[in-house]
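Working notes, structure below.
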Amino acid sequence: MEELVVTEGLTKTYGEIRAVDGLNLKVHSGEVFGFLGPNGAGKTTTIRILNTLTKPTSGGAWVSGFDVVKEPDKVKKVIGVVQQHISLDRDLTVRENMEFHARLHHLGASERKRRINELIDYVGLTEHADRIVEQLSGGMKRRAMIVNALLHQPDVLFLDEPTVGLDAQTRRRLWDLIRRLNHDGTTIFLTTHYIEEAEALCQRVGIIHLGRLISIGNPLALRQKLGLVTVETLVNNKDTRYQYFPDRVAASSYIQDLPHDVKTIIIRESNLEDVFVELTGQKVGDD
Numbered sequence: 369m370e371e372l373v374v375t376e377g378l379t380k381t382y383g384e385i386r387a388v389d390g391l392n393l394k395v396h397s398g399e400v401f402g403f404l405g406p407n408g409a410g411k412t413t414t415i416r417i418l419n420t421l422t423k424p425t426s427g428g429a430w431v432s433g434f435d436v437v438k439e440p441d442k443v444k445k446v447i448g449v450v451q452q453h454i455s456l457d458r459d460l461t462v463r464e465n466m467e468f469h470a471r472l473h474h475l476g477a478s479e480r481k482r483r484i485n486e487l488i489d490y491v492g493l494t495e496h497a498d499r500i501v502e503q504l505s506g507g508m509k510r511r512a513m514i515v516n517a518l519l520h521q522p523d524v525l526f527l528d529e530p531t532v533g534l535d536a537q538t539r540r541r542l543w544d545l546i547r548r549l550n551h552d553g554t555t556i557f558l559t560t561h562y563i564e565e566a567e568a569l570c571q572r573v574g575i576i577h578l579g580r581l582i583s584i585g586n587p588l589a590l591r592q593k594l595g596l597v598t599v600e601t602l603v604n605n606k607d608t609r610y611q612y613f614p615d616r617v618a619a620s621s622y623i624q625d626l627p628h629d630v631k632t633i634i635i636r637e638s639n640l641e642d643v644f645v646e647l648t649g650q651k652v653g654d655d
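With my numbering, the residue at position 58 of the sequence shown is 426, and numbering never jumps.
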């Protein structure tokens, strides 16, 4: 299986702070890889290094075989990037933004026209293509950013917290677009601190904490390692305790033996947040 993104001992320090600490990572062609962690964990710094925007302090990183430090121009030709903030020119239309980006990537006139029309239709922006970006909804702006990033047919699409600030319905529509892109062959590197987003979209997830990769694997496999069933109990009406079991039979057996002062019991499927908390003692949404 081809590895499109590789890091070896990747480290970035700011003074005494290690934003990224000895990161070893491989992202395979054709997958949606999720980089999961709280704000400040090192996700965006990693993305910036892989996108050639920040140089590492030590270690190495390669995208499609190109060294991000030694061959930044080659890396830029094979990546598409959608950042957290709106990076479009708000005073131009969707189509004008795409025309500008296509020229930056040196697409010829006929190819520019074909790709722009093709992608506008692909993400459902045909009726809004000639509207000023500032007039678009948050979800439409995100879709417009994605099509700009896809104009030159990159090997890897980097999505840095792509659904931050979007309502639940718009977020799910964007998830459908990401699934469609991946189904049609786009390799996606996705950073997020939304548990449900990582579980819904990613074939593999890397969990990062304080700059270190602390676990990596298929979401189901990570949950199985912890336990697929979670039992939450409330003790003395103040302390919530969590126990993990391979199945509901084992969970039910545990509940039957609980002392009488345990009054509130919840049995549910475990999730990636349970995995993260058990590994770090911190919730994913914490700063």
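Quick reminder that beta carbons are idealized off the backbone N, C-alpha and C, glycines included.
Since we're looking at a predicted model, the values are computed, not measured.
Extent of the continuous beta strand (DSSP E) run through residue i
i      : result
Ile556 : Thr555 to Thr560
Ala387 : Ile385 to His396
Val630 : Val630 to Glu637
Ile484 : Run containing Ile484: none in the beta strand (DSSP E); it sits in the alpha helix (DSSP H), Ala477 to Tyr490.
Thr648 : First-last for Thr648: Leu640 to Thr648, but that is the alpha helix (DSSP H), not the beta strand (DSSP E).
Secondary structure of residue i, DSSP reduced to three states
i      : result
Asp655 : The pLDDT assigned to Asp655 is 48, lower than 50, so where the model puts this residue is not dependable, and the model offers no usable value.
Glu370 : coil
Val599 : strand
Arg499 : coil
Thr420 : coil
Thr412 : helix
Val449 : strand
Thr494 : helix
Leu626 : coil
Gln521 : coil
Asp459 : coil
Outcome for residue i when other beta-carbon atoms lying within 10 angstroms are tallied against a minimum of 16
i      : result
Asp389 : buried
Val630 : exposed
His496 : buried
Ala477 : exposed
Tyr382 : exposed
Ala517 : buried
Thr461 : buried
Thr632 : exposed
Phe468 : exposed
Asn465 : buried
Asp642 : buried
Asp655 : Low confidence applies here, because Asp655 scores a pLDDT of 48, under 50, leaving its location unreliable; read the following figure in that light. Asp655 is exposed by the Cβ-count criterion.
Proximity of residue i and residue j at Cβ, strictly below 7 Å
i      : j      : result
Arg458 : Gly579 : no
Leu545 : Ala470 : no
His561 : Pro406 : yes
Leu493 : Arg511 : yes
Asp528 : Thr412 : yes
Asn639 : Ile563 : yes
Lys509 : Ile454 : yes
Gly410 : Ile623 : no
Endpoints, alpha helix (DSSP H) assigned at residue i
i      : result
Arg511 : Gly506 to Leu518
Leu404 : Per DSSP, Leu404 belongs to no alpha helix (DSSP H); it is in the beta strand (DSSP E), Val400 to Leu404.
Gln611 : Careful: Gln611 lies outside any alpha helix (DSSP H), inside the beta strand (DSSP E) at Asp607 to Phe613.
Asn465 : Val462 to Leu472
Thr538 : Ala536 to His551
Bridge partner(s) assigned by DSSP for residue i
i      : result
Asp667 : Nothing about residue 667 can be reported from this structure: the residues present for the chain run from 369 to 655 only.
Tyr347 : This structure cannot settle anything about residue 347, because the visible part of the chain is limited to 369 through 655.
Trp430 : Val374 and Asp435
Ser583 : Ile575
Ile454 : Ile454 is not bridged to any residue.
Cβ of residue i within 7 Å of any chain C Cβ
i      : result
Asp625 : Here chain C cannot be found, since the structure has a single protein chain.
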